[in-house]
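J.: Starting off with a structure, shown below.
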Amino acid sequence: MPVRNLMLLQDLLLIALGLLGLFFGGNWVVKGAARFALSLGVSTLIVGLTIVAFGTSLPELFVSLDAALQGVSDIAVGNVVGSNIANIGLILGLTALVFPVAVKRQVIRRDLPIMLIVSLILLVLIQNREISRVEGLLLFGGIVAYTVISYVLELRERRAAPAEAEDTIESEFGPDPRHANRLFELGRLSLGLIAVVIGANWLVQGSVNIATALGVPKLIIGLTLVAVGTSLPELATSLIASLHKENDIAVGNIVGSNIFNILSILGLTATVKPIGINQRVLEVDGFIMLFFSFALLFFVLGGKIKRWQGGLLLTSYMIFTIWAFTTHGGL
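Be aware that the sequence shown starts at 297, since it is given in the working numbering, and climbs by one per residue.
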């Protein structure tokens with residue numbers, strides 16, 4: 297076997313192992329941290345809004361941080377923008393094809409408009425082709441404000457239906473999480489963090505190597521391969537929820553993830569190290585992300601994403617991916 301092909305296989309294996317580390321490590325972190333916190337008497341509401349919300353975005357966070365620290369800002373930015381596109385086009389599109397996706401009124405009235413505003417703010421911030429530390433802090437301040445507002449609003453809702461909230465937590469984290477073995481959960485949390493850190497590093501390394509070997513810009517790899525890989529937890533959650541006919545949570549999870557990706561991931565990453573912005577993101581991909589966001593808003597106004605709409609989202613995502621790879625030479 298030629299040396300080039302052998303190295304390509306090694307890089308593909310590195311990417312596959314990295315994705316496995318992100319997938320399982322992220323799951324261990326969320327479950328371990330949540331069950332440990334619940335065993336200490338932390339409220340289910342706090343756990344849901346902090347540990348679960350931030351934990352499900354760990355793959356994107358560590359990949360973007362690792363890429364930025366390695367000086368590969370195209371992967372750091374492409375990962376977030378590509379994940380937001382994939383969340384809507386690939387994940388919601390595929391989920392709606394399995395079963396039409398119901399949409400909660402709260403998502404239409406509050407979360408979707410916030411997602412659109414946050415996406416527009418990002419497009420404004422990147423006009424100077426950099427997200428500075430100050431801008432990163434402002435973005436992260438936005439996620440703090442969003443979390444506090446969500447806490448106040450959800451507190452009101454849970455007072456109206458406390459039993460339902462408890463059932464949800466138990467179904468997510470296993471029976472009686474308040475009596476969990478704390479040492480075991482800390483061990484699971486620690487192993488999960490190690491797996492996520494190593495997985496992120498392997499995914500970035502393998503992706504950079506493949507991009508270099510094939511002559512594909514790192515931004516394209518970040519927008520597609522890395523973005524889809526870090527979105528695997530959202531894909532699994534949405535498809536499983538759809539199969540159990542609990543697909544009303546799918547849109548809320550995706551919209552929340554897109555808000556977190558911009559505010560917390562780009563915010564934290566830029567705070568650690570300012571992020572350079574590729575001209576293509578400024579002129580093309582940022583607006584494609586915005587297009588998918590507005591398309592989602594239009595589709596959910598009827599209270600449901602129908603199968604044909606899911607098919608349209610999925611087809612649009614496939615066209616975007618093919619177009620990204622076939623036109624990268626001229627951008």
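Glycine included, every Cβ here is placed at the ideal spot set by N, Cα and C.
According to DSSP, Gly-690 sits in a beta bridge with which residue or residues?
T.: There is no way to answer for residue 690, as the model of the chain reaches only from 297 to 627.
J.: Taking the alpha helix (DSSP H) that Asn-375 falls in, what are its first and last residues?
T.: First-last of the alpha helix (DSSP H) with Asn-375: 369-382.
J.: Which residues bound the alpha helix (DSSP H) around Lys-514?
T.: Note, Lys-514: alpha helix (DSSP H), 514-517.
J.: If Val-376 sits next to Gly-351, beta carbons under 8 angstroms apart, how far is it from one beta carbon to the other, in whole angstroms?
T.: Actually they do not touch by this definition, with Cβ atoms about 17 angstroms apart.
J.: In chain order, what residues of the same chain lie with their CB nearer than 6 angstroms to the CB of Ala-476, ignoring the 5 residues before and after it?
T.: Around Ala-476: Arg-331, Ser-335.
J.: Classify Gly-626 as helix, strand or coil using the three-state DSSP reduction.
T.: Confidence is the limiting factor: at Gly-626 the pLDDT is only 43, short of 50, which leaves the residue's position unreliable and the question unanswerable from this model.
J.: Cα separation between Ala-441 and Phe-583?
T.: When rounded, the distance between both Cα atoms is 25 angstroms.
J.: Look at Gly-374 and Val-500 and say whether their C-beta atoms are less than 9 angstroms apart.
T.: Contact flag unset, no.
J.: Please list, in chain order, all residues of the same chain as Met-411 whose beta carbon is under 7 angstroms from its beta carbon, the five residues on each side excluded.
T.: Excluding positions up to five away in sequence, the list reads Val-551, Asn-554, Ile-555, Ser-589.
J.: My understanding is that Leu-539 touches Gly-385, with C-beta atoms under 8 angstroms, so please give their C-beta distance in whole angstroms.
T.: The Cβ separation is near 20 angstroms, so there is no contact.
J.: Can you name the start and end residues of the alpha helix (DSSP H) that Ile-417 belongs to?
T.: Note, Ile-417: alpha helix (DSSP H), 408-421.
J.: Determine the DSSP secondary structure at Val-577, reduced to helix, strand or coil.
T.: Helix.
J.: Where does Gly-626 land, buried or exposed, given buried means 16+ other C-beta within 10 angstroms?
T.: Its pLDDT being 43, under 50, Gly-626 is placed unreliably in this model, and the coordinates cannot settle the point.
J.: Could you check how far apart the C-beta atoms of Pro-396 and Lys-602 are, in whole angstroms? I think they sit under 8 angstroms.
T.: That pair is a contact at about 5 angstroms.
J.: Starting from the C-beta of Leu-393, find all residues in its chain whose C-beta is less than 7 angstroms away, skip the five residues before and the five after it, and write them out in chain order.
T.: Same-chain partners within the cutoff: Arg-603, Gly-606, Gly-607, Leu-610.
J.: Could you check whether the Cβ of Gly-525 sits closer than 8 angstroms to any heavy atom belonging to the ligand SAH?
T.: Ligands are entirely absent from the displayed structure, and the ligand SAH is therefore not among its contents.
J.: Have a look at Phe-319, Ser-360, Thr-565, Phe-616 and flag the residue whose alpha-carbon is nearest the alpha-carbon of Ile-490.
T.: Checked all of Phe-319, Ser-360, Thr-565, Phe-616; the closest Cα to Ile-490 is Phe-319.
J.: Mind checking who Val-397 pairs with in its DSSP beta bridge?
T.: Ile-601, per the DSSP bridge assignment.
J.: Can you tell me the Cα-Cα spacing of Ala-537 and Ala-546, whole angstroms?
T.: Taking the straight line joining both Cα atoms gives about 7 angstroms.
J.: Where do the ends of the alpha helix (DSSP H) carrying Leu-479 lie?
T.: Start and end: 478-510.
J.: Tell me the rounded alpha-carbon separation between Leu-634 and Gly-563.
T.: This structure cannot settle anything about residue 634, because the visible part of the chain is limited to 297 through 627.
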